[in-house]
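A quick write-up on the structure given underneath.
Number of protein chains: 2
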Amino acid sequence: MNKRATIGDVARLAGVSTATVSRAIHTPDVVSESTREAVQSAISETGFTLNIAARTLRQQRANAVLVLVPDIGNTFFSEILAGIEKVASARGQTILIGDTAGDRAREERFLSYLVNGRADGALLLNGHLPAGVRGAVVSVSEALEPQEVPHVGIDNAAASALAVRHLKAAGHRRIAHLSGPQNNILTRQRIEGFLAEAGPDAPVIPGAFTIASGRAAADAVLALDPRPTAVACANDEMAIGLIAGLAAQGVRVPQDISVIGFDDIAFAEATIPALTTICQPRLAIGERAMTRLISAIEGTAEAGAEILDVELVERASVAPPA
Amino acid sequence: MNKRATIGDVARLAGVSTATVSRAIHTPDVVSESTREAVQSAISETGFTLNIAARTLRQQRANAVLVLVPDIGNTFFSEILAGIEKVASARGQTILIGDTAGDRAREERFLSYLVNGRADGALLLNGHLPAGVRGAVVSVSEALEPQEVPHVGIDNAAASALAVRHLKAAGHRRIAHLSGPQNNILTRQRIEGFLAEAGPDAPVIPGAFTIASGRAAADAVLALDPRPTAVACANDEMAIGLIAGLAAQGVRVPQDISVIGFDDIAFAEATIPALTTICQPRLAIGERAMTRLISAIEGTAEAGAEILDVELVERASVAPPA
DNA sequence: TGCGCTCATGTAATCGTTTACATAAGAATG
DNA sequence: CATTCTTATGTAAACGATTACATGAGCGCA
Chain H
512 MNKRATIGDV ARLAGVSTAT VSRAIHTPDV VSESTREAVQ SAISETGFTL
562 NIAARTLRQQ RANAVLVLVP DIGNTFFSEI LAGIEKVASA RGQTILIGDT
612 AGDRAREERF LSYLVNGRAD GALLLNGHLP AGVRGAVVSV SEALEPQEVP
662 HVGIDNAAAS ALAVRHLKAA GHRRIAHLSG PQNNILTRQR IEGFLAEAGP
712 DAPVIPGAFT IASGRAAADA VLALDPRPTA VACANDEMAI GLIAGLAAQG
762 VRVPQDISVI GFDDIAFAEA TIPALTTICQ PRLAIGERAM TRLISAIEGT
812 AEAGAEILDV ELVERASVAP PA
Chain Z
512 MNKRATIGDV ARLAGVSTAT VSRAIHTPDV VSESTREAVQ SAISETGFTL
562 NIAARTLRQQ RANAVLVLVP DIGNTFFSEI LAGIEKVASA RGQTILIGDT
612 AGDRAREERF LSYLVNGRAD GALLLNGHLP AGVRGAVVSV SEALEPQEVP
662 HVGIDNAAAS ALAVRHLKAA GHRRIAHLSG PQNNILTRQR IEGFLAEAGP
712 DAPVIPGAFT IASGRAAADA VLALDPRPTA VACANDEMAI GLIAGLAAQG
762 VRVPQDISVI GFDDIAFAEA TIPALTTICQ PRLAIGERAM TRLISAIEGT
812 AEAGAEILDV ELVERASVAP PA
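Heads up: the protein sequence lines correspond to chains H and Z, in order. Going by my numbering, the final residue of the first sequence carries number 833, and the count climbs one at a time with no gaps. Going by my numbering, the final residue of the second sequence carries number 833, and the count climbs one at a time with no gaps.
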C-alpha cells in the first residue's frame with residue numbers, strides 16, 4: 512500500500528512546481544490551459560487529495576464549524592441540522608456535531624475546538640454560552656440570555672400565545688400550560704406567552720421536555736380544580752406523554768381534554784389522536800443560522816436577532832370542550 | 512485580540528525548548544519535576560492549547576474517526592452514537608458524524624475524510640461501503656454484504672424469529688410481516704427470520720422503515736385473506752404508523768390485531784397502546800464498535816463479526832387473538 | 001582519573017500545504 | 001529599439017507541532 516500522494520508528487524508528474532499545482536486547484540483561471548490540463552491528469556493519475564491538516568495549518572482556518580446540540584436524537588434538532596448542512600456543503604464548510612447531552616464538561620470539550628483550531632466558529636443550539644468563548648458564534652433556536660450574540664429563531668412567546676388563541680377559538684376557557692424545565696429560556700418565553708393570552712392566573716404545571724415528564728403530568732392536570740378542558744404543552748414530547756398518561760387514567764383526548772403541542776416533530780402526526788401543534792421552520796432556521804455564521808467568520812457579520820414565522824398545524828387533538 | 516499562544520511562546524516563558532514543552536505535555540515522566548511545573552504555569556499563564564492541525568500534520572494521524580449514519584434524527588442511531596462517544600472520549604478520539612441521508616454523494620463526501628487525513632477510520636452504520644475505501648473500517652448494526660469487514664451488531668434473523676415466537680406463544684397462527692425497503696440487508700435478514708418461524712408461505716408486506724409506510728400498510732394488512740391476527744414489523748416506526756393506520760379504519764390494537772415492533776425506540780413506550788418490541792443493546796453496540804475500530808486503526812484488529820444479545824420487551828400491543 | 005551509563009534537555013528536520021515575492025518571456029507602447 | 005506592463009511560473013518561507021539524534025552533566029566504578 513503506497514503512501515498517499517502529495518502535491519509534490521503531482522507537481523513532479525506534471526512537470527511544474529507545487530505552487531502551480533496549488534494554483535491550478537484553487538485559482539484555475541490564473542494558470543494556462545495547458546498546465547491546468549497537465550495538472551488535472553497528474554491529479555487523477557496519482558489519486559491525489561488535499562491534506563486537510565496541512566491546509567488548515569497554513570491557512571489558519573479550518574473551514575469547519577462546530578454545531579452544539581443538547582440532544583442529537585431529538586428530531587427537532589436534526590432537521591435544523593439538515594438546513595445547516597445544506598448551506599455548509601454549498602459553501603465548502605465541514606460541520607462538526609457536538610452532542611452536549613446536557614453535560615457542561617462535554618460542552619467545554621467541544622467548545623475547545625474553537626481555540627485549538629479545529630473549527631472557525633460555532634452554532635449554539637443548547638441555549639448556553641460559557642464565559643470566555645472567543646470567536647464567531649451564532650445562537651440558534653434558544654437565545655442566549657445575557658450575551659449579545661447574533662441569533663436565529665422564532666418568537667416563542669408569540670407562538671405560545673398563538674396556541675392558546677387556537678384553544679380559545681375552539682371554545683376553551685379553562686386552559687393549563689405544561690411547561691419545560693425551569694431556568695430554560697424557552698420555558699420562560701413560552702410561559703410568558705401562555706400567561707399573556709390565557710390570563711395571569713392560568714395554571715402552569717412544571718415539566719421537563721421529556722415524554723416521561725408529560726406522562727407524569729397527567730396526575731397534576733387531573734388534580735387541578737377546576738379541571739382544565741385543554742392543555743397547551745411547551746413541546747410535543749410532553750404532549751405525547753401527557754396523552755398517554757391521560758389515556759392510562761381513562762381520560763380521552765380530545766373528547767375529555769384537548770391537547771396542543773409545540774414543535775411538530777415527526778411523530779406528531781402518527782400519534783392517536785394526531786397532535787395539533789406549532790410548527791417551526793426548522794430547515795430555514797438552520798439555513799439562516801449557518802449563513803450568518805459564515806458571515807461572522809468572515810468578519811462581515813450583522814448583529815441582532817432574526818425571527819422567523821411559525822405555523823399552527825391542526826390535527827386531531829383539539830376539539831371543542833364537552 | 513492577541514494571537515493564540517503557540518508552544519514556542521510557552522517554551523520562551525518557561526525558559527526551555529519547544530521539545531521539552533511537548534514532552535512535558537505528552538510524556539510528563541521524562542522531564543524533571545521543576546521544568547514540568549515551570550511548563551505548567553507557563554501554559555496556564557499563556558492560555559496555550561495545542562493546535563490540532565499541526566499535530567495531525569506532523570503525526571500523520573488525526574485522532575478522529577468518521578461515523579456514517581443514514582439518519583441522525585433516528586433515535587436508534589443516536590443511542591449507538593452515545594456508546595461510540597463514550598469510548599471515543601475515553602481514548603482521546605474525536606468523532607465526526609456524517610449523516611448520509613441516504614444520499615450516495617454525501618456518503619462519498621464524508622468518506623473522503625479518510626483519504627484527506629481528517630479521520631483515521633470509519634464506523635459505518637449505513638450498510639454500504641463503496642469500493643476502494645482504504646483504511647480502518649468497522650460496520651455497525653447493518654452488516655456489509657460482500658466485504659470482509661469487522662462487524663458489530665445483532666443476529667437479525669434470530670431476533671425476528673423471536674418476535675414471531677412471542678406472537679405464537681400468545682396464540683396467534685396467522686401472522687404477517689411488515690418489512691423494510693428492498694435491497695436492504697436488515698430487511699432481508701428480518702424477512703428470513705420471520706419466514707423461518709412463521710412458515711415459508713406467511714405473507715410479507717413491503718414497507719420502507721418510515722412512519723408513513725407503516726400507516727400506508729394498514730390497507731394491505733386488512734386486504735389480506737385470511738386476515739392476519741398479528742403483524743410483526745421490521746421496525747418501530749412502521750409499527751407506530753401501522754397502529755395509527757389501523758385506528759383510522761376502526762381496527763383496534765391489540766383487541767383486533769396484535770402488533771410487535773423492532774428496535775425499541777424512545778417513543779415505543781409512549782404510544783397507545785405501548786409497543787411490544789425487540790430491544791437491541793444500542794449502547795453496548797456503540798461501545799464495542801468504537802473499541803474495535805481503535806484496534807483496527809492501531810493495527811491490532813481481530814476480524815470477524817461480533818454478535819450481541821437482544822431482548823423482547825413486553826408492553827401492550829400484543830394480546831391473544833379474538 | 002577515565003570510562004561508560006543514565007537522565008534531562010536542546011537542535012533541527014519534518015509533516016503537506018499556501019502564498020508573498022522574484023523572475024522570465026512576450027506583448028504593447030513610445 | 002528601449003521601456004513598461006502582463007502573464008505564467010518558480011522559489012522558498014511560513015504555519016505549529018513532534019521526534020530522531022546530539023549533547024552535556026552527573027554519577028558509579030575499576
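Every residue gets a Cβ at the ideal spot worked out from N, C-alpha and C, and that includes glycine.
Inset, instruction - Consult DSSP for residue 702 of chain H and reduce its assignment to one of helix, strand or coil. - result: In the three-state reduction of the DSSP assignment, residue 702 of chain H falls in the helix class, which pools H, G and I.
Legend entry - residue 537 of chain H classed as buried or exposed, judged by whether at least 16 other C-beta atoms fall within 10 angstroms: Within a 10 Å sphere around the beta-carbon of residue 537 of chain H sit fewer than 16 other beta-carbons, which makes this residue exposed.
Legend entry - Proximity test, Cβ basis, 9 Å: residue 773 of chain Z and chain H: Chain H places no beta carbon closer than 9 Å to that of residue 773 of chain Z, leaving this residue out of the contacts.
Legend entry - Under 9 Å by beta carbon: chain H residues contacting residue 592 of chain Z: Those within 9 Å of residue 592 of chain Z in chain H are 583, 584, 610.
Inset, instruction - Could you please give the first and the last residue of the uninterrupted beta strand (DSSP E) stretch that includes residue 686 of chain Z? - result: Element bounds for residue 686 of chain Z: 686–689.
Inset, instruction - Please decide whether residue 664 of chain H counts as near chain Z, where near means a Cβ-Cβ distance under 9 Å. - result: Judged by the 9 Å Cβ criterion, residue 664 of chain H is not in contact with chain Z.
Inset, instruction - Could you confirm whether any beta carbon from chain Z is found closer than 9 Å to the beta carbon of residue 628 of chain H? - result: So, interface residue.
Legend entry - DSSP beta-bridge partners of residue 817 of chain Z: In the DSSP assignment, residue 817 of chain Z forms a beta bridge with Z:663.
Inset, instruction - Output, in sequence order along the chain, the residues in the region 750–776 of chain Z whose CB is closer than 8 Å to any CB in chain H. - result: For the region 750–776 of chain Z, which is checked against every Cβ of chain H, the residues closer than 8 Å are 751, 752, 754, 755, 758.
Inset, instruction - Assign residue 632 of chain H to one of three DSSP states: helix, strand, or coil. - result: Shown here, residue 632 of chain H sits in a strand according to DSSP, grouped into three states.
Inset, instruction - Give the DSSP-derived three-state secondary structure of residue 512 of chain H in the structure shown. - result: Because residue 512 of chain H carries a pLDDT of 38, less than 50, the predicted location of this residue cannot be relied on, and the following value inherits that uncertainty. Residue 512 of chain H: coil per DSSP, three-state reduction.
Legend entry - Collapsed DSSP secondary structure at residue 843 of chain H in the structure displayed: Coverage of chain H is limited to positions 512 through 833, which leaves residue 843 of chain H absent and any answer about it impossible.
Legend entry - Enclosing beta strand (DSSP E) for residue 769 of chain Z [first to last residue]: Counting along the chain, the beta strand (DSSP E) containing residue 769 of chain Z begins and ends at 769–771.
Legend entry - alpha helix (DSSP H) runs wholly inside the region 559–617 of chain Z, at least 4 long, in chain order: Every alpha helix (DSSP H) stretch that sits fully inside the region 559–617 of chain Z and reaches 4 residues is listed by chain position as 563–570, 586–601.
Inset, instruction - Name the residue from H:764, H:682, H:676, H:792 whose alpha carbon lies nearest to the alpha carbon of residue 594 of chain H. - result: Taking only the C-alpha atoms, the option nearest residue 594 of chain H is H:792.
Inset, instruction - Check whether the Cβ atoms of residue 771 of chain H and residue 741 of chain H lie closer than 9 Å to each other. - result: In contact: residue 771 of chain H and residue 741 of chain H (Cβ atoms closer than 9 Å).
Legend entry - Any chain H beta carbon closer than 9 Å to residue 834 of chain Z: The displayed coordinates of chain Z run from 512 to 833. Any statement about residue 834 of chain Z would go beyond what the structure contains.
Inset, instruction - Could you check which residue in Z:797, Z:625, Z:583, Z:660 has the C-alpha nearest to that of residue 813 of chain Z? - result: Comparing C-alpha distances from residue 813 of chain Z to each of Z:797, Z:625, Z:583, Z:660 shows the shortest one belongs to Z:660.
Inset, instruction - Report the residue from H:633, H:583, H:553 whose alpha carbon sits nearest the alpha carbon of residue 803 of chain H. - result: Answer by Cα proximity: H:633.
Legend entry - Short CB-CB distance (under 9 Å) between residue 809 of chain H and chain Z: Output row for residue 809 of chain H: interface = no.
Legend entry - Per DSSP, cross-strand counterpart(s) of residue 650 of chain H: Bridge pairing for residue 650 of chain H: H:635, H:662 [DSSP].
Inset, instruction - Please name the residue, chosen from Z:678, Z:733, Z:826, Z:808, that lies closest to residue 465 of chain Z on a Cα-to-Cα basis. - result: An answer regarding residue 465 of chain Z cannot be provided, because it is not within the stretch 512 to 833 covered by chain Z.
Legend entry - Alpha-carbon to alpha-carbon, residue 727 of chain Z and residue 768 of chain Z: Cα to Cα, residue 768 of chain Z sits roughly 16 Å from residue 727 of chain Z.
Inset, instruction - For residue 785 of chain Z, decide whether its Cβ has a neighbour in chain H, counting only Cβ atoms nearer than 9 Å. - result: So yes, residue 785 of chain Z belongs to the interface.
Inset, instruction - Examine the Cβ distances between the region 702–714 of chain Z and the region 662–682 of chain Z and report whether three or more of them are shorter than 8 Å. - result: Because the criterion of three Cβ pairs below 8 Å is met, the region 702–714 of chain Z and the region 662–682 of chain Z touch.
Legend entry - Contact between the region 540–555 of chain Z and the region 571–588 of chain Z (3+ Cβ pairs under 8 Å): The region 540–555 of chain Z, when compared against the region 571–588 of chain Z, does not touch it at the 8 Å Cβ threshold.
Legend entry - Residue from Z:526, Z:558, Z:656 whose Cα sits closest to the Cα of residue 645 of chain H: Looking from the CA of residue 645 of chain H, the closest CA among Z:526, Z:558, Z:656 belongs to Z:558.
Legend entry - Buried or exposed by the 16-neighbour rule on C-beta atoms within 10 Å, applied to residue 641 of chain H: Exposed.
Legend entry - Residues that DSSP places opposite residue 822 of chain H in a beta bridge: DSSP output for residue 822 of chain H lists H:790 as bridge partner(s).
Inset, instruction - Taking residue 732 of chain H as part of the alpha helix (DSSP H), name the residues at either end of that continuous run. - result: For residue 732 of chain H, the enclosing alpha helix (DSSP H) starts and ends at 722–734.
Legend entry - Where residue 743 of chain Z sits in the DSSP three-state scheme: When DSSP states are grouped into helix, strand and coil, residue 743 of chain Z belongs to the strand group.
Inset, instruction - Take the Cβ of residue 512 of chain H as the centre, count every other Cβ of all protein chains shown within 10 Å, and call the residue buried at 16 or more, exposed below. - result: With a pLDDT of 38 at residue 512 of chain H, under the threshold of 50, the predicted position of this residue should be treated as unreliable, though the coordinate-derived value follows. Exposed: under 16 other Cβ atoms inside 10 Å.
Inset, instruction - Starting from residue 760 of chain H, follow the alpha helix (DSSP H) in both directions and report where the run begins and ends. - result: Counting along the chain, no alpha helix (DSSP H) covers residue 760 of chain H, and no H or E run does either.
Inset, instruction - Just tell me which of Z:751, Z:723, Z:750, Z:762 has its CA closest to the CA of residue 734 of chain Z. - result: Of the candidates Z:751, Z:723, Z:750, Z:762, the residue whose Cα lies closest to the Cα of residue 734 of chain Z is Z:762.
Inset, instruction - Please list the partners that residue 726 of chain H has in chain Z, where partner means a Cβ-to-Cβ separation under 8 Å. - result: What residue 726 of chain H touches in chain Z: 781.
Inset, instruction - Tell me whether residue 626 of chain H sits in a helix, a strand or coil according to DSSP, three-state version. - result: Note: residue 626 of chain H maps to helix in three-state DSSP.
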